[in-house]
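Chemist:
2 protein chains.
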Amino acid sequence: MATLIEIARKANVSVGTVDRVLHNRGRVSKDTRQKVLKIVNEIGYRPNILARSLSLKKTFMFGVLIPVPDQDGQYWELPMSGIRKALDELKLYNVAVSLFTYDKYSAFSFHEACQNIESSLEDLDGLVIAPVLSKASELFVSRLPESIPYVFIDSYIPDSRCLSYIGQDSFQSGVLAAKLMQMKLQEGKVIIMRILPIDYHIDDRVRGFQFCIQQNNHFTVSMVDVDREISPEIFNEVSEKILQENTDLLGIFVPSACTHQVAETLVQNDRSGSVVLIGYDLVEENRKYLKTGTIDFLISQRPALQGYQSIYSLYRHVILNESVDQKVVVPMDILTQDNVDYYQG
Amino acid sequence: MATLIEIARKANVSVGTVDRVLHNRGRVSKDTRQKVLKIVNEIGYRPNILARSLSLKKTFMFGVLIPVPDQDGQYWELPMSGIRKALDELKLYNVAVSLFTYDKYSAFSFHEACQNIESSLEDLDGLVIAPVLSKASELFVSRLPESIPYVFIDSYIPDSRCLSYIGQDSFQSGVLAAKLMQMKLQEGKVIIMRILPIDYHIDDRVRGFQFCIQQNNHFTVSMVDVDREISPEIFNEVSEKILQENTDLLGIFVPSACTHQVAETLVQNDRSGSVVLIGYDLVEENRKYLKTGTIDFLISQRPALQGYQSIYSLYRHVILNESVDQKVVVPMDILTQDNVDYYQG
DNA sequence: AGATCATGCGTGACCGCACACGCAGATAAA
DNA sequence: TTTATCTGCGTGTGCGGTCACGCATGATCT
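Here the protein sequences line up with chains A and B, keeping their order. Heads up: the first sequence is residues 16 to 360, going by this note's numbering. Heads up: the second sequence is residues 16 to 360, going by this note's numbering.
#1: Below 8 Å, how does it come out for the stretch 244-264 of chain B and the stretch 183-197 of chain B: are there three or more Cβ pairs, yes or no?
#2: Any beta-carbon of chain A closer than 9 Å to the one on glycine 344/B?
#3: Starting from aspartate 103/A and walking both ways along the alpha helix (DSSP H), at which residues does that stretch end?
#4: Are any of the Cβ atoms in chain B nearer than 9 Å to that of lysine 199/A?
#5: So who's on the other strand from lysine 342/B, going by DSSP bridges?
#6: Is valine 343/B near isoleucine 181/B, with beta carbons less than 9 Å apart?
#7: Name the residue from Glu202/A, Ile267/A, Ile293/A, Ser113/A whose alpha carbon lies nearest to the alpha carbon of glutamine 230/A.
#8: Tell me, please, whether the CB atom of isoleucine 58/A is closer than 9 Å to any CB atom in chain B?
#9: For threonine 32/B, which three-state DSSP category applies?
#10: Who are the neighbours of serine 157/A on chain B, taking C-beta pairs under 9 Å?
#11: Valine 190/B versus chain A: which residues are under 9 Å apart at the beta carbon?
#12: Can you list, in chain order, the residues of its chain with a C-beta nearer than 8 Å to that of leucine 211/A? Leave out the 5 residues immediately preceding and following it.
#13: In chain B, what lies closer than 9 Å to isoleucine 64/A by C-beta?
#14: Can you give me the start and stop residues for the alpha helix (DSSP H) that glycine 360/B sits inside?
#15: Can you tell me which residues form a DSSP beta bridge with valine 290/A?
#16: Might you give, ordered along the chain, the residues of its own chain that have their beta carbon closer than 7 Å to the beta carbon of valine 290/B, omitting 5 neighbours on each side?
#17: Taking the alpha carbon of leucine 65/B as the point to measure from, which residue in Val205/B, Thr116/B, Thr18/B, Leu320/B has its own alpha carbon closest?
#18: Please identify the residue among Arg158/A, Pro160/A, His216/A, Leu200/A whose C-alpha is closest to the C-alpha of glutamine 183/A.
#19: If you run the structure through DSSP and keep just helix, strand and coil, what is tyrosine 323/B?
#20: Can you give me, in chain order, the residues of the stretch 136-151 of chain A that have a beta carbon less than 9 Å from any beta carbon in chain B?
#21: Are leucine 292/A and threonine 351/A close, meaning C-beta to C-beta below 9 Å?
#22: Using a Cβ-Cβ cut-off of 6 Å (strictly less than) and excluding sequence neighbours within five positions of arginine 209/A, which residues of its own chain qualify?
#23: Taking just the CA atoms, how far does phenylalanine 115/A sit from serine 135/A?
#24: Taking the straight line between their C-alpha atoms, what separation do you get for valine 30/B and leucine 37/B?
#25: Check for me: the alpha helix (DSSP H) holding valine 221/B runs from which residue to which?
#26: On the DSSP bridge assignment, give the partners of aspartate 169/B in chain order.
#27: Of all Cβ atoms in chain B, is any one closer than 9 Å to the Cβ of tyrosine 330/A?
#28: Measuring CA to CA, which of Gln283/A, Tyr330/A, Gln359/A, Ile334/A is closest to valine 298/A?
#29: Closest by CA to lysine 73/B, which one among Ala111/B, Asp87/B, Pro173/B, Phe125/B?
#30: Use the C-beta contact count for histidine 275/B: other C-beta atoms within 10 angstroms, 16 or more gives buried, fewer gives exposed.
#31: Give the straight-line distance between the Cα atoms of aspartate 340/A and serine 179/A, rounded to the nearest whole angstrom.
#32: I think tyrosine 90/B touches alanine 272/B, with their Cβ atoms under 8 Å apart; what is that distance to the nearest whole Å?
#33: In chain order, what residues of the same chain have a beta carbon less than 7 Å from the beta carbon of glutamine 324/A, not counting five sequence neighbours either side?
#34: Using 9 Å as the threshold, is the C-beta distance between isoleucine 310/B and methionine 347/B below it?
#35: Return the CA-CA distance between threonine 235/A and lysine 204/A, expressed in angstroms with no decimal places.
#36: Output yes if chain B places a C-beta closer than 9 Å to the C-beta of glutamine 187/A; else output no.
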């Protein structure tokens with residue numbers, strides 16, 4: 016492990032000079048600069064992060080722009096827990112985060128959160144963004160100054176200068192769901208139940224599911240949409256009606272974390288157990304119905320890991336100047352009654 | 016964040032004295048000792064690990080006692096990758112490991128490895144042990160000096176003073192395997208194929224599998240043992256014979272990483288696809304057969320995480336003096352053709 | 001030629017902790 | 001009382017960086 020002093024000695028200069036070269040600060044003659052850089056490359060110098068963080072006064076602040084934690088059945092609490100874990104490990108390295116949340120069903124709320132970020136931009140050294148509202152997010156990042164790096168989490172927006180994307184393969188997870196459905200069911204009537212409002216992600220899952228299950232002509236697949244914005248009573252009423260209209264229904268695929276709401280309806284109509292239910296994400300309510308067997312499978316894509324990784328990506332880029340993966344696709348976990356107790360997202 | 020200096024000021028002593036109190040080194044009067052400790056507790060002082068590691072000259076050496084990586088179809092390469100990752104993150108904190116491997120089917124080899132450790136005990140600050148050979152391991156750790164902490168990985172030995180155990184719930188994973196089998200198969204003849212020699216773990220998985228599937232009287236379950244120590248030709252011969260004797264066979268459960276060997280036989284006998292095959296661990300050969308569909312499910316229990324965690328447990332205990340969980344049970348992952356490409360162990 | 005200024009570089013004070021050294025004052029031995 | 005020993009504690013240096021300060025040069029100006 017090389018040190019600044021060693022480099023300085025080899026180059027016949029002082030540590031101050033080496034420091035100036037490495038940080039492009041102050042004034043250094045061309046010759047000395049070359050000489051130092053040569054040695055730095057030769058011995059493959061890596062600064063000691065401990066020493067750096069110790070002497071550094073600056074605190075690095077990362078902004079986190081995500082939906083409010085209690086939306087999507089507390090889904091966003093899961094990535095947050097990963098973010099908190101990363102923060103806990105990195106606080107000694109002078110890393111802190113500033114949270115900006117928005118209502119993912121309100122463009123205005125998102126806009127407001129963006130403005131809050133923009134007004135505190137000079138304090139921010141990086142951004143974690145969940146671009147759930149894709150068009151608005153695209154606009155937002157396009158207005159961001161070049162100097163501020165950002166990573167996407169959960170959803171992706173094509174062709175932008177983002178540092179990295181950490182998320183899931185939604186289409187393939189839909190395929191997986193279809194495979195699981197075919198495992199429990201040899202044939203029959205299946206519906207895809209989209210709970211409105213939906214986003215890009217959810218549609219992708221649906222596409223994957225349809226793509227896969229349509230290749231099997233033992234199944235008839237249809238799709239229904241239920242609005243969840245309305246009151247829970249009406250939601251129940253509507254979904255009950257769907258159940259009653261489909262007495263021969265054998266399977267339901269819910270492409271979102273709201274699976275538990277469908278599970279509830281199933282239980283209330285005494286159809287729990289006779290209908291295969293496959294959904295997404297290990298939020299508390301879903302866990303409950305998975306354990307009782309009303310939900311057959313949950314697909315989870317390491318939400319905590321996504322949060323954790325997003326902070327680390329920024330850390331590696333901003334503090335360590337290391338290169339980070341442009342795209343990180345997290346594992347697709349299959350959760351059942353029998354392994355859910357051991358799961359760590 | 017409090018510092019030594021602040022404590023010193025509050026207690027009207029010097030940093031040297033505070034240091035002496037915190038490390039129980041040198042001589043301190045009872046009164047000063049009390050006074051300092053009081054303040055330390057009041058402000059909840061946590062030493063700055065960066066500064067500590069920076070000033071510390073000592074390198075912490077952890078011994079790792081595991082089977083040779085190329086055994087069990089390269090299984091042990093997986094925990095090793097996690098160990099390497101932890102090492103990479105912790106090398107700045109002066110952590111290093113020293114590897115001691117043994118042939119898990121040779122008591123002599125294990126004994127030899129233990130002796131190597133014993134002869135370098137004074138250089139070691141902790142031990143990661145995979146107690147695959149349970150009795151021999153029990154004897155070994157009982158002879159270990161009290162001063163050296165150790166963690167178990169993969170397998171557990173009851174009633175010992177180990178710092179922590181990081182591993183899997185084998186029984187429950189057998190239950191899970193049985194559930195998966197029943198998902199693919201409604202009824203029929205299933206065999207459990209133990210590949211000798213077996214260990215505690217494998218038997219536990221078998222017990223879990225039997226326990227679960229015996230509750231379903233649509234299945235007939237039997238168990239066969241095949242010795243793998245003998246040549247591959249004889250292995251194939253024997254397992255082929257088993258297949259031929261059981262033309263009505265519908266499912267095979269292999270409670271170890273050797274699943275791919277059975278897969279190979281299935282392919283050679285043209286039974287791939289008509290027999291449900293469930294096994295363990297994502298080693299390369301298994302991945303291959305999972306992707307082609309010969310293996311239906313693999314159960315994996317985050318081997319890399321196990322290795323990673325084991326080093327971190329020691330680190331937290333030895334360097335940070337933090338308390339660590341006595342038992343960490345890793346998740347039980349279900350791997351199929353459709354999610355295996357995304358898996359990170 | 002002397003004053004002025006820009007350039008290139010060395011020095012030293014931190015960051016928070018570990019640890020060796022050594023100095024007072026109390027106590028014991030002579 | 002003098003000397004030796006022990007006890008309790010303060011001080012200083014170093015770990016590997018960051019960064020402000022300021023000192024020599026040589027170039028430019030008047």
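For every residue, glycine included, the Cβ atom is placed at its ideal position computed from N, Cα and C. Predicted model, so just to flag it, every value in this text is computed and none were measured.
Modeler: The relevant details are as follows:
#1: Here the stretch 244-264 of chain B does not lie against the stretch 183-197 of chain B, with fewer than 3 beta-carbon pairs under 8 Å apart.
#2: It is worth fixing the name first, because residue 344/B is valine in this sequence and not glycine. With 9 Å as the cut-off, valine 344/B counts as an interface residue toward chain A.
#3: For aspartate 103/A, the enclosing alpha helix (DSSP H) stretches over residues 92-105.
#4: For lysine 199/A, the closest Cβ of chain B is nearer than 9 Å.
#5: The beta-bridge partner set that DSSP reports for lysine 342/B consists of Tyr180/B.
#6: Contact annotation: valine 343/B and isoleucine 181/B have beta-carbon atoms nearer than 9 Å.
#7: Nearest option by C-alpha distance: Glu202/A.
#8: Taking 9 Å as the threshold, the shortest C-beta distance from isoleucine 58/A to chain B does not fall below it.
#9: In the structure shown, threonine 32/B falls within a helical segment according to DSSP collapsed to helix, strand and coil.
#10: Ordered by position in chain B, no residue passes the 9 Å Cβ test against serine 157/A, which lies about 30 Å from the chain.
#11: Neighbours of valine 190/B on chain A, chain order: Asp353.
#12: Cβ neighbours of leucine 211/A beyond the five flanking positions: Asp240, Val241, Asp242, Arg243, Glu244.
#13: By Cβ distance, chain B contributes Leu65, Leu107.
#14: Careful: glycine 360/B lies outside any alpha helix (DSSP H) and carries neither H nor E.
#15: DSSP, once it has assigned bridges, lists Ser287/A as partnering valine 290/A.
#16: Short of 7 Å from the beta carbon of valine 290/B, and not among the five residues preceding or following it, lie these beta carbons of its own chain, in chain order: Leu264, Leu265, Gly266, Ile267, Leu281.
#17: Answer by Cα proximity: Thr18/B.
#18: With distances taken between Cα atoms, glutamine 183/A lies closest to His216/A.
#19: The answer is helix: DSSP assigns tyrosine 323/B an H, G or I state.
#20: Correct list: empty, as no residue qualifies.
#21: Taking 9 Å as the cut-off, the beta carbon of leucine 292/A is found no closer than this to the beta carbon of threonine 351/A.
#22: Cβ within range, chain order: Asp240.
#23: Each residue's Cα considered, the two are about 11 Å apart.
#24: Those two C-alpha atoms are separated by around 10 Å.
#25: Here the alpha helix (DSSP H) through valine 221/B covers 215-228.
#26: In the DSSP output, where bridge partners are listed per residue, aspartate 169/B has Gly182/B.
#27: The Cβ of tyrosine 330/A sits no closer than 9 Å to any Cβ of chain B.
#28: Answer by Cα proximity: Gln359/A.
#29: Ranked by Cα distance from lysine 73/B, the options Ala111/B, Asp87/B, Pro173/B, Phe125/B are led by Ala111/B.
#30: Histidine 275/B should be labelled buried.
#31: Going by the C-alpha atoms only, they are around 6 Å apart.
#32: Tyrosine 90/B to alanine 272/B, Cβ: 5 Å. Contact.
#33: Residues Ile181, Val343 of the same chain have their beta carbon placed closer than 7 Å to that of glutamine 324/A, with the five preceding and five following residues left out of the count.
#34: Between isoleucine 310/B and methionine 347/B, the gap from beta carbon to beta carbon reaches 9 Å or more.
#35: Taking the straight line joining both Cα atoms gives about 5 Å.
#36: Under the 9 Å criterion on CB atoms, glutamine 187/A is classed as interfacial with respect to chain B.
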